[in-house]
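Protein chains: 2
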Amino acid sequence: MRPILRHLIAACEWQTLRMSLVSNAILSSHVLDRSVHTTRTMGAEEQPLVTLSNINPNVKRMEYAVRGPLVIRAGQLEKELQAGKKLPFDEVIRANIGDCHAMNQKPLTFMRQVISACANPDLLETDLFPSDVKERVKLLLSFCGGRSVGAYSDSAGVEIIRRHCAEYIEKRDGIPTDYLNIVLTTGASEAVRAVLALINSSTADGIPTGVMIPIPQYPLYTATLAEYGMTSINYYLDESNNWQLQIEELQRALDEARGKCNPKALVVINPGNPTGSVLTHDNIKNIINFARKEKLMILADEVYQHNIYAENARFYSFKKVMHEMQVKLELASLMSASKGYMGECGLRGGYCELLNFDPDVKAMFFKMLSARLCSSVLGQIAMDCVVKPPEPGDPSYDLHEKEKSEVLESLKHRAQLAADTFNSIPGMKCNIVAGAMYAFPQIILPEKAIKAAQSLNQAPDFFYAMNLLESTGVCIIPGSGFGQIPGTYHFRTTILPQPDHLRRMMEKVKKFHVQFLEKYT
Amino acid sequence: MRPILRHLIAACEWQTLRMSLVSNAILSSHVLDRSVHTTRTMGAEEQPLVTLSNINPNVKRMEYAVRGPLVIRAGQLEKELQAGKKLPFDEVIRANIGDCHAMNQKPLTFMRQVISACANPDLLETDLFPSDVKERVKLLLSFCGGRSVGAYSDSAGVEIIRRHCAEYIEKRDGIPTDYLNIVLTTGASEAVRAVLALINSSTADGIPTGVMIPIPQYPLYTATLAEYGMTSINYYLDESNNWQLQIEELQRALDEARGKCNPKALVVINPGNPTGSVLTHDNIKNIINFARKEKLMILADEVYQHNIYAENARFYSFKKVMHEMQVKLELASLMSASKGYMGECGLRGGYCELLNFDPDVKAMFFKMLSARLCSSVLGQIAMDCVVKPPEPGDPSYDLHEKEKSEVLESLKHRAQLAADTFNSIPGMKCNIVAGAMYAFPQIILPEKAIKAAQSLNQAPDFFYAMNLLESTGVCIIPGSGFGQIPGTYHFRTTILPQPDHLRRMMEKVKKFHVQFLEKYT
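Chain order of the listed sequences is A and B. Position 490 of the first sequence, counted from 1, bears residue number 490 in full-length UniProt numbering, the numbering being contiguous throughout. Position 90 of the second sequence, counted from 1, bears residue number 90 in full-length UniProt numbering, the numbering being contiguous throughout.
Here it is as structure tokens:
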């Protein structure tokens, strides 16, 4: 990071973010409540008991841009189109969230066959499914209570699925893995929230627990830290260097935070969301050394581990690098069935591996999770199909490999298309999309546009994104929802629309951007 | 409640509960971590960073008995039996948790056909399913992103399912219902946790937010309140009066709590868990008047609304009674796909209706939920089949009605069997099981048994339950996990084992109890 930018951070960042929050909050209450106002007719004698002034103030503070006002507005526009209203576009393109199937990615045949027969074992009596599907279903059901996916699993998940996760990690990293360290979760989000809840001693200490998070970041982190009254220690990823993570910037962020909070954990998202970057082996090594020196546990968000596109990039797990270094630091590594080539977001499958944790602490973690009973058993089964896909020789193998490689190959092309298009637009620049599912281009906004935004009490990039949506139907999320160096503006778009769709979208963005610049210059 | 008992409460209750917590915690860490100890070989130079002394103290305090040490021990015994070890019994009977399918209840055909075809729409091309199943699947998928259950839904759930929930409530109560007040959740547990998080202003106020909960209660409530640093205001249900809820006891509990916390909500579980009681219309009316007078919102846990067995009992929703009274108090009403006659616990479907909430507050609630993205779409679909079952004339109707009534009829017989058997055992007495899925008999423990328990630092009823498990393989949960008047002892058992199974279990409990009394008298 350039030193000249650093001193800006403390001064401006929160102001920019706050402005965005305010405008978001106003809009979101406005949009959500229209219909409610009409149904609420509380008698004059009865005043509301639960009000904005007495609810949890942390809930008021939290913000979650990828599901925020832009997305709500996109939904309204879709309904207007359906109702036949004339708009300047004929479709809404939802590039706001990494939701593969919503963008018409086809589910994997093997996984959906397994899930359907687990839900309805009568199907095992038909000849609809290959033998490996039937065998998997019988194996999985034999580990479910009453052989039904309708029974609760253990809080940590169905034993055989935890074992399969452990085998997957062993195979990936070449390191023995204990299935008792694995817990199956509702996507990866639940694991993030649980780990942060576990280490949060803000109330007890009177000093907020601090967690280092990358900026830009996936807003689950800031939202959860806000909800829990914890402090985000923001470290900036280096945009001028393909969003790599610089150790000196980690140090700067931590040094500035010490005394203001009690730093306990370092979050790393690799491959990066929203940046699309992939950390190098050396980089991970340095991060681990930093965490060790500074006594921070590591929360490795590795949900995009299958999404690597750049020729020279490779996924290294924090577990593997830590093992090579013979370091034994507490590590929580997260995985999900929602991303990768399967993209099964709606099934809510995920797992978390807890490594090197004190056994007593781990017992507390498991106890805490037991209060939510268990994650969806069908979501766990989705995770099973991810960590244990058909093997060579299995009847489902060829089709599964074909489906998987087609998705990944297509995403690779779309990653390239997105970055190339953005770089061809005047006033826009974009790093290579080396992994994950997003591009995060920087946009240069004219002074007049910034002023127009401010007059509406909106963050400039929110103003840009809302204009884009209203003019073209393209829904992207402004950089202020993820964090960015103050005075810079970005947006995040997924690369998930199908190729033709993505091309159309890129043309719309390009045309809009040129017109926007003309209007405000 | 007898006045003589009241003064005991403040003095003894927490001591009894704490004793149980201590013994539970010791056992649970011991059991969970055996295998972990062998895999953890941290170098001498690296000390654990995350320890019991620096994690979230609220997590340490929370306790969740229905998934606690007894259940873990039951799992071990099952494994020992499988491995051929000789034990005093040949099966473990898990009567610890309301997990219908684990107890071999058969899933409903209609629901499982819909779920399997939603997961695998290729099945629509076969002639395996009746037309109403296929139509439902097509309708549901038309409301999913990319027509796939793998797409995220809106945070509040799939629109058509929310609408079906609203129709269900309208039909049940005869009151217009706005689908925008419905949010689909991961079981009912997620809704409980979200509502409590919303109203928790403990940190901001410096005074803990208080929530009135019944004792005995479902331990999700105490666990969540502990995790959130909130205060449980315990009101005792009247065991001598079939566990009815007495207004004077609500008043006593609240009066004693005022000044120590900031009471904001009243939780009512109806039909009752673990008590099996069903509130009368009059009782609900008085509770609403109390809440209104004391300015408390109501959290109505109504997940057992289909489970009514007693001839003179009927389910009245808080919504319906409030509507009749023309009272407009904030009400959160919870429902689940896990209970009733469907018992689909593993699918994690549920909904929450928020009634009479300030629109701004509701917007905050929805925003908070958006950070967890959405609940399992297949779980939502399970909920859809519950709220919109086949109708007369539909091809699936007859079979569905037959399956449903068989389950409910059988549960009714088992409810009677359980209470009758317990009442036939010397030193045991049990209220009528009018609804839900549990019996909560009181047991008179001899002084010698209490002393034996204390010498092991165990709550006496925990000692009893562990002895029962080790001698007979029957896993029930001691009353101390739910709360009880100090000096009284209970246990909760589900009535879910299939009829023959339940009879065998009852005989085992009877025989054990007699021997236990002989040994300790």
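Ideal Cβ positions, reconstructed from N, Cα and C, are used throughout, including at glycine. Keep in mind it's a predicted model, so treat the numbers as computed, not measured.
Applying the 10 Å Cβ sphere with the 16-neighbour rule, what's the burial state of residue i?
{"i": "A/D90", "result": "exposed"}
{"i": "B/S277", "result": "buried"}
{"i": "B/V149", "result": "buried"}
{"i": "A/G157", "result": "buried"}
{"i": "B/R372", "result": "buried"}
{"i": "A/R258", "result": "exposed"}
{"i": "B/R314", "result": "exposed"}
{"i": "B/L139", "result": "exposed"}
{"i": "A/Q105", "result": "buried"}
{"i": "A/K511", "result": "exposed"}
Between residue i and residue j, how many whole angstroms is the CB-CB distance? I'm expecting something under 8 Å.
{"i": "A/A449", "j": "A/A419", "result": "Between A/A419 and A/A449 the Cβ distance is about 24 Å, and since that is not below 8 Å, they are no contact."}
{"i": "A/A337", "j": "A/G379", "result": "7 Å"}
{"i": "A/E302", "j": "A/S333", "result": "6 Å"}
{"i": "B/S396", "j": "B/P130", "result": "5 Å"}
{"i": "A/C374", "j": "A/A74", "result": "With a Cβ gap of about 33 Å, A/C374 and A/A74 do not count as contacting."}
{"i": "B/M428", "j": "B/K339", "result": "Contact doesn't hold; Cβ gap of about 26 Å is too wide."}
{"i": "B/V137", "j": "B/L128", "result": "That belief does not hold up - the Cβ atoms of B/V137 and B/L128 are roughly 12 Å apart, past 8 Å."}
{"i": "A/S376", "j": "B/S376", "result": "4 Å"}
Looking at C-alpha atoms only, which residue of the options is the closest neighbour of residue i?
{"i": "B/E324", "options": "B/G340, B/I288 and B/E125", "result": "B/I288"}
{"i": "A/E330", "options": "A/I298, A/G346, A/F129 and A/I97", "result": "A/I298"}
{"i": "B/Q442", "options": "B/L373, B/G393 and B/T275", "result": "B/T275"}
{"i": "A/N242", "options": "A/D461, A/N96, A/N431 and A/L184", "result": "A/N431"}
{"i": "B/Q515", "options": "B/Q484, B/D255 and B/S471", "result": "B/S471"}
{"i": "A/T521", "options": "A/L469, A/A452, A/F462 and A/G487", "result": "A/A452"}
{"i": "B/N356", "options": "B/M322, B/L369, B/S370 and B/I169", "result": "B/M322"}
{"i": "B/K402", "options": "B/Y168, B/N56, B/T109 and B/P69", "result": "B/T109"}
{"i": "B/M212", "options": "B/K367, B/G343, B/L296 and B/T493", "result": "B/L296"}
{"i": "A/K320", "options": "A/I72, A/L347, A/S480 and A/T280", "result": "A/T280"}
{"i": "residue 522 of chain A", "options": "A/V327, A/P216 and A/L266", "result": "This structure does not reach residue 522 of chain A, given that chain A is present from 1 up to 521, and the question cannot be answered."}
Using a C-beta cutoff of 8 Å, does residue i count as contacting chain B?
{"i": "A/F110", "result": "no"}
{"i": "A/D90", "result": "no"}
{"i": "A/C261", "result": "no"}
{"i": "A/Y351", "result": "no"}
{"i": "A/D358", "result": "yes"}
{"i": "A/H164", "result": "no"}
{"i": "A/D384", "result": "no"}
{"i": "A/A223", "result": "yes"}
{"i": "A/G364", "result": "Rather than Gly, the amino acid found at residue 364 of chain A in this sequence is Met. Judged by the 8 Å Cβ criterion, A/M364 is in contact with chain B."}
{"i": "A/M297", "result": "yes"}
{"i": "A/R348", "result": "yes"}
{"i": "A/L49", "result": "yes"}
{"i": "A/D398", "result": "no"}
{"i": "A/S317", "result": "no"}
{"i": "A/L456", "result": "no"}
Between residue i and chain A, is the shortest Cβ-Cβ distance under 8 Å, so that the two count as touching?
{"i": "B/E324", "result": "no"}
{"i": "B/D33", "result": "Residue confidence for B/D33 is low, a pLDDT of 36 falling below 50, so the modelled location carries little weight and cannot support an answer."}
{"i": "B/I160", "result": "no"}
{"i": "B/H306", "result": "no"}
{"i": "B/A188", "result": "no"}
{"i": "B/Q246", "result": "no"}
{"i": "B/S333", "result": "no"}
{"i": "B/G150", "result": "yes"}
{"i": "B/L21", "result": "In this prediction, B/L21 scores a pLDDT of 34, lower than 50, which makes its location untrustworthy; no coordinate-derived value is stated."}
{"i": "B/C345", "result": "yes"}
{"i": "B/V433", "result": "no"}
Would you check whether the ligand MN has a heavy atom nearer than 7 Å to the C-beta of residue i?
{"i": "B/F143", "result": "Because no ligand of any kind appears in the structure shown, any question about the ligand MN cannot be addressed here."}
**OP:** Scan the region 117 to 148 of chain B for residues whose Cβ lies nearer than 9 Å to a Cβ of chain A and list them as they occur along the chain.
**Re:** A117, C118, A119, N120, P121, D122, L123, T126, L128, C144, G145, G146, R147 and S148
Original post:
Listed from N- to C-terminal order along the chain, which residues in the region 52 to 86 of chain B have their beta-carbon within a distance smaller than 7 Å of any beta-carbon of chain A?
Top reply: L52, N54, I55, N56, P57, V59, K60, M62, Y64 and R67
Original post:
Of all the residues that make up the region 200 to 215 of chain A, which are near chain B by a beta-carbon distance shorter than 7 Å?
Top reply: N200, S201, T203 and A204
Subject >> Selection of the region 467 to 480 of chain B by Cβ proximity to chain A, strictly under 8 Å >> reply: none
Subject >> Contacting positions in the region 401 to 421 of chain A - beta carbon closer than 8 Å to chain B >> reply: none
**OP:** Identify each residue in the region 272 to 288 of chain A for which the Cβ-Cβ distance to at least one residue of chain B is less than 8 Å, and report them in chain order.
**Re:** none
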